[in-house]
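Student: The working numbering puts the first residue of the sequence shown at 254, with every later residue one more than the last. The C-beta atom is built at its ideal place from N, Cα and C for all residues, glycine as well. Since the model is a prediction, treat every value here as computed from it, not as a measurement.
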Amino acid sequence: MTGKNQRFHLLYKNVVASFFIKGYAALIALMLVPLTIDCLGTLKNGVWLTISSVLVWINQMDIGLGNGLRNRLAIHVAHQEMEAARKAVSSTLAMLICIVTPVLCLLILLTLSTDVYAFLNITQADIPELRIALIYAITFICITFVLKFIGNVYMGLQLPAVNNLLVAFGSTLILIVTWILYINGKATFLNVVIANTAAPLIIYLIAYVYTFYHQFPQLCPSYHLVNLRSALELGNLGIKFFWIQIASVIQFMSINLLISNFFTPAMVTPYQIAYRYLNLAMVLFTIICMPFWNATTDAYERNDMDWIRKANKKMNLMILLIAAVMTLAVVVSPWVFQIWIGDSCHVPFGMTVMVALYIFLLIVSMRYSYFLNGIGALRLQLYMTIMTVLFIPMSYFVVRYTHDMLWFLGVMCFCVVPSIVVNLIQFHKFLHGTAKGIWRI
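#1: Can you name, in chain order, every residue of its own chain whose Cβ lies under 7 Å from the Cβ of S648, other than the five neighbours on each side?
#2: Going by alpha carbons, who is nearest to P344 out of T354, V585, S475 and D291?
#3: What number of angstroms, rounded off, separates the C-alpha of G603 from the C-alpha of N509?
#4: Thinking C-alpha only, which one of L285, I572, N374 and F683 is nearest I561?
#5: Could you give the residue range of the alpha helix (DSSP H) that holds C598?
#6: Spell out a yes or no on whether the segment 531-543 and the segment 572-585 are touching, meaning 3 or more CB-CB pairs, one atom from each, closer than 8 Å.
#7: Looking at A338 and R555, is the spacing between their C-beta atoms short of 9 Å?
#8: Taking 8 Å as the cut-off, does the segment 350-370 touch the segment 424-440 (at least 3 CB pairs, one atom from each stretch)?
#9: At which residue ranges does the segment 647-676 contain complete beta strand (DSSP E) runs of 3 or more residues, listed in the order of the chain?
#10: Is it true that the CB of L349 sits closer than 9 Å to the CB of I391?
#11: With H, G and I counted as helix, E and B as strand and the rest as coil, what does DSSP make of T425?
#12: Note down the Cα distance separating L362 from A582, rounded to an integer number of angstroms.
#13: Based on Cα-Cα distance, which residue from K275, L387 and I274 lies nearest to L302?
#14: Out of L625, F624, S622 and T289, state which residue places its alpha-carbon closest to the alpha-carbon of G438.
#15: Just the C-alpha distance for V642 and I612, rounded to the nearest angstrom, thanks.
#16: Pairing CB atoms from the segment 511-521 with CB atoms from the segment 286-300, are three or more of them under 8 Å?
#17: From P671 to M658, what distance separates their C-alpha atoms?
#18: I'd like to check one pair, V415 with P453: are the Cβ atoms closer than 9 Å?
#19: Would you report the Cα separation of P355 and I311, rounded to the nearest angstrom?
#20: At 4 residues or longer, and completely inside the segment 293-380: list those alpha helix (DSSP H) runs for me, N to C.
#21: Please go through the same chain and pick out, in chain order, the residues whose beta-carbon is closer than 7 Å to the beta-carbon of A460, but skip the five residues on each side of it.
#22: For L458, is the classification buried or exposed, using 16 other Cβ atoms within 10 angstroms of its Cβ as the cut-off for buried?
#23: Ignore the nearest five residues each way along the sequence and tell me which others in S597's own chain have a CB closer than 8 Å to its CB.
#24: When the Cα of H324 is compared with those of T655, L625 and R653, which residue comes out closest?
#25: In its own chain, which residues sit with a C-beta less than 7 Å from the C-beta of I385, not counting the 5 before and 5 after it?
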């Protein structure tokens, strides 16, 4: 990367590659929905969706090391500091192992000693093998937590399409194994959970060997290069990312859990069907805009604000396209759901509209946060996570007095708006060179 033309060229190559890869991954995800419902039924599928959303928080336990590594690698590569880049990779891997080991032990202990059935609002008769399924899921996800840092390495090298490819391979393997279980009549809750959590782990194990022993041996982690100071620097860079991630995960995790407890576990399934359908717009957005994150880091390090202004105009056009696509998606949703899942589950149209609004608001907020993440201006985003803290009590009081799912979804939308306003103001202050004080950090 030596200039703005090469930066756009690499960005466009990754956008095109990601379009096909993520499009394929989205198709696999859509195929998994009716297949998993057929395997488990509405109730067990809702329980699995709730469990998986709760376990997502494990992926955020890296205290921001993954995103810290991502930004640090982009800086080291921009300045041709490959030895420093390898030290950062080695230190990150070591720290991730240290973080996940006690987490794994604690979660298994909690699974064995607490009433997980009450937590999920079900009885033991519903899913007798729940505890053993949770132990397998926790173990595989914790190991994957360490190895998935390979994706951050590729994103730091401005190759996010490769990270998307790894995710797509994992989803494909899940689909294949689940389908085999289904046609053989062995699609129990335990087997489906193992398929969903072990498949991505297998892909990352293969990717680790390929990446560090074939593709980029100059970045191969080494015990001798582990440096606590380097790890702490990554932690300092990433700790803000960590708290922002934790806040988003708490909200994402709590949505399924709150629906399960405020209403029933079965209600998680129609919500997730609407979410996964409309989340295709988020997929489209991230395909095109995710590469801007590290390209922005590179441009900002080189003081190339002209490139950033041009990128901003392209992002504005993307938001208009997303709005049009989502409007059309909502209008045709009843027919899409009928073709996709048939009569196995009913998704109310009002729920579809509210989920669409929620996802669009997230996209608008992310449109500005990608730029702010790229230059490390995270303090205000960190402050805005207070809305996540307020989300659960607000949801409780709204549902208590309305007993209405749409009002619950309305609270979700409301909690995103303040972040949009703050991100918008801070972004334009940076763009016009007027960011000072709290607006600059």
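Tutor: Inspection of the coordinates gives the following:
#1: One-based indexing of the sequence shown puts residue 648 at position 395. Contacts found: L511, F661 and V664.
#2: Within the sequence shown, numbered from 1, the residue matching residue 344 stands at position 91. Checking the sequence shown, residue 344 turns out to be Ser, not Pro. Checked all of T354, V585, S475 and D291; the closest Cα to S344 is S475.
#3: Numbered from 1 along the sequence shown, position 350 holds the residue referred to as residue 603. Numbered from 1 along the sequence shown, position 256 holds the residue referred to as residue 509. C-alpha separation (whole angstroms): 18 Å.
#4: For this step, residue 561 is matched to residue 308 along the sequence shown. Out of L285, I572, N374 and F683, F683 has the C-alpha closest to the C-alpha of I561.
#5: Counted from its first residue, the sequence shown places residue 598 at position 345. No alpha helix (DSSP H) holds C598; DSSP gives it neither H nor E.
#6: yes
#7: In the sequence shown, the residue the question calls residue 555 occupies position 302. In the sequence shown, the residue the question calls residue 338 occupies position 85. No, the Cβ-Cβ distance between R555 and A338 is not below 9 Å.
#8: no
#9: none
#10: Position 138 of the sequence shown holds residue 391. Position 96 of the sequence shown holds residue 349. No, the Cβ-Cβ distance between I391 and L349 is not below 9 Å.
#11: As a first step, residue 425 is located in the sequence shown; it is residue number 172 there, counting from the start. Helix.
#12: The residue labelled residue 362 in the question sits at position 109 within the sequence shown. The residue labelled residue 582 in the question sits at position 329 within the sequence shown. Rounded to the nearest angstrom, the two C-alpha atoms are 44 Å apart.
#13: Translated into the one-based positions of the sequence shown, residue 302 becomes position 49. Nearest option by C-alpha distance: L387.
#14: Residue 438 sits at position 185 when you count from the first residue of the sequence shown. Considering only alpha carbons, the answer is T289.
#15: Counting from one through the sequence shown, the residue named residue 642 turns up at place 389. Counting from one through the sequence shown, the residue named residue 612 turns up at place 359. Cα-Cα distance, rounded: 19 Å.
#16: yes
#17: The residue labelled residue 671 in the question sits at position 418 within the sequence shown. The residue labelled residue 658 in the question sits at position 405 within the sequence shown. Approximately 22 Å, taken between the alpha carbons.
#18: To locate residue 453, count along the sequence shown from 1; it is residue 200. To locate residue 415, count along the sequence shown from 1; it is residue 162. It is not a contact, given that the beta carbons lie outside the stated cut-off.
#19: Numbered from 1 along the sequence shown, position 102 holds the residue referred to as residue 355. Numbered from 1 along the sequence shown, position 58 holds the residue referred to as residue 311. Answer to the nearest angstrom: the Cα atoms are 12 Å apart.
#20: 318-331, 335-366 and 369-372
#21: For the purposes of this step, residue 460 is identified with residue 207 of the sequence shown, where counting begins at 1. Here the set comprises I403 and L419.
#22: Indexing the sequence shown from 1 puts residue 458 at position 205. Its Cβ having fewer than 16 others within 10 Å, L458 is exposed.
#23: As a working mapping, residue 597 is identified with position 344 in the sequence shown. P287, I290, D291 and T295.
#24: By 1-based counting over the sequence shown, the position of residue 324 is 71. Here the sequence assigns Asn to residue 324, which means His is not the residue at that position. When only C-alpha atoms are compared, the closest one is L625.
#25: As a working note, residue 385 is residue 132 in the sequence shown. Closer than 7 Å at the Cβ level, and outside the excluded window around I385, lie L443.
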